[in-house]
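Visitor:
Protein chains in written order, with the working numbering: chain A, 7 to 190; chain B, 2 to 159.
1) Restricting to Cα atoms, I'd like to know which of B/128, B/75 and B/104 is closest to residue 1 of chain B.
2) If we define contact as Cβ-Cβ less than 8 Å, is residue 96 of chain B a contact residue for chain A?
3) Taking DSSP's pairing of strands, which residues face residue 181 of chain B in a bridge?
4) With residue 90 of chain A as the anchor, note down where its alpha helix (DSSP H) starts and where it stops.
5) Using three-state DSSP, classify residue 145 of chain A as helix, strand or coil.
6) Which partner residues does residue 74 of chain A have in the DSSP bridge list?
7) Could you pull the DSSP bridge partners for residue 59 of chain A from this structure?
8) I need the straight-line Cα distance from residue 149 of chain B to residue 120 of chain B, nearest angstrom please.
9) Taking the straight line between their C-alpha atoms, what separation do you get for residue 108 of chain A and residue 102 of chain A?
10) Helix, strand or coil for residue 66 of chain A, going by three-state DSSP, please let me know.
11) Among all the DSSP beta bridges, which residues are the ones paired with residue 156 of chain A?
12) How would you write the range of the beta strand (DSSP E) that residue 125 of chain A sits in, first residue to last?
13) Answer yes or no: does any C-beta atom of chain A fall closer than 8 Å to that of residue 57 of chain B?
14) Need the endpoints of the alpha helix (DSSP H) that residue 62 of chain B sits in, please.
15) Under 7 Å Cβ-Cβ, which residues of chain A neighbour residue 69 of chain B?
16) Residue 14 of chain A lies in the alpha helix (DSSP H); which residues open and close that run?
17) Closest by CA to residue 104 of chain A, which one among B/68, B/36 and B/52?
18) Using a Cβ cut-off of 9 Å, pull out every chain A residue sitting near residue 66 of chain B, in sequence order please.
19) Measure from the C-beta of residue 104 of chain A to each C-beta in chain B and report whether the shortest distance is under 8 Å.
20) Per DSSP, what kind of secondary structure is residue 107 of chain A in: helix, strand or coil?
21) If the cut is a Cβ gap below 7 Å, which residues of chain A does residue 52 of chain B touch?
22) At 9 Å on the CB atoms, spell out the chain B contacts of residue 39 of chain A, in chain order.
23) Does the beta-carbon of residue 189 of chain A have 16 or more other beta-carbons within 10 angstroms, so that it is buried, or is it exposed?
24) Kindly indicate which three-state DSSP category residue 44 of chain A falls into: helix, strand or coil?
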């Protein structure tokens with residue numbers, strides 16, 4: 007009898023709890039299917055030099071692979087931060103995704119070039135093998151060439167500190183980075 | 002007039018679920034080498050979910066990624082890939098999310114089991130509800146009130 011009286015309250019509490027939890031879940035964020043797998047192999051031209059490169063060109067030490075394009079507004083937003091990261095010694099490879107190479111070269115000439123090199127992916131085939139569904143996306147490639155992390159959307163200092171810094175301990179907090187400008 | 006309207010309405014209701022996807026599907030022209038492939042194309046493109054615009058299948062979506070997936074789907078069908086192979090290709094890249102009928106695993110077991118669980122829960126609820134009043138006479142009335150009802154009901158009417 008008494009228990010029955012409280013049933014609506016219990017039901018409400020459970021529902022409210024579920025809905026509240028739902029507020030902090032981003033439904034547009036998909037689990038990355040490629041996590042833990044080697045970066046998919048490819049044979050594509052490099053943006054500036056036009057020489058053919060394969061995945062071997064990306065594998066050396068922990069690095070970022072940034073998926074970008076000139077048609078992508080958010081890429082312009084995150085570009086200055088990529089330049090900052092490059093200055094702090096984080097190796098960044100670009101995947102120029104479904105873009106026109108001429109425009110992409112112009113972009114880099116005008117805004118600065120944070121990339122070690124850029125994979126030209128006009129057709130989006132490398133992007134598809136990677137599971138890219140929009141730009142910008144940024145992947146962490148570990149030293150053995152496996153995909154360790156994926157971030158969808160603009161990469162900024164807060165996101166980097168939270169999700170990326172453990173692969174790049176040299177880039178500590180923004181304050182520490184500003185204090186130790188000695189090495190790369 | 003009225004009957005015509007009725008026919009139209011029932012057609013709309015019955016046909017709704019079948020007509021809508023066709024009506025909304027993006028218009029593209031693919032030349033299929035066989036009608037069978039074309040049928041499988043339509044089937045699979047409605048069963049694959051667009052990763053970008055998440056509540057649309059790739060047949061309905063205009064997103065660039067959906068277009069790319071349709072091209073891949075078409076090419077793989079023409080190359081003779083089986084449905085399972087194509088789905089495996091998509092899942093390897095975009096995860097189980099890309100399927101509207103995901104495989105049963107740790108993450109989707111609740112989704113698959115939910116209808117059965119809810120049915121059992123509902124049945125249990127009903128059972129409990131009726132168990133509590135086996136003769137349907139249980140009430141909160143006091144004995145005096147019961148007697149009053151009996152008296153009132155027993156009174157002959159004019």
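Ideal Cβ positions, reconstructed from N, Cα and C, are used throughout, including at glycine.
Guide: Per the coordinate set shown:
1) No answer is possible for residue 1 of chain B: the residues shown for chain B start at 2 and end at 159.
2) yes
3) Residue numbering for chain B in the displayed model covers 2 to 159; residue 181 of chain B lies beyond these limits and cannot be assessed.
4) 79-93
5) strand
6) A/102
7) A/50
8) 42 Å
9) 11 Å
10) coil
11) A/145
12) 123-127
13) no
14) Element bounds for residue 62 of chain B: n/a, residue is neither H nor E.
15) 130 and 134
16) 8-29
17) B/68
18) 130, 133, 134, 138, 139 and 140
19) yes
20) helix
21) 36 and 139
22) 92, 93, 94, 95, 96, 97, 98 and 99
23) Any reading at residue 189 of chain A must be qualified, since the residue scores a pLDDT of 40, below 50, and its modelled position is unreliable; the value itself is stated next. So residue 189 of chain A counts as exposed.
24) strand
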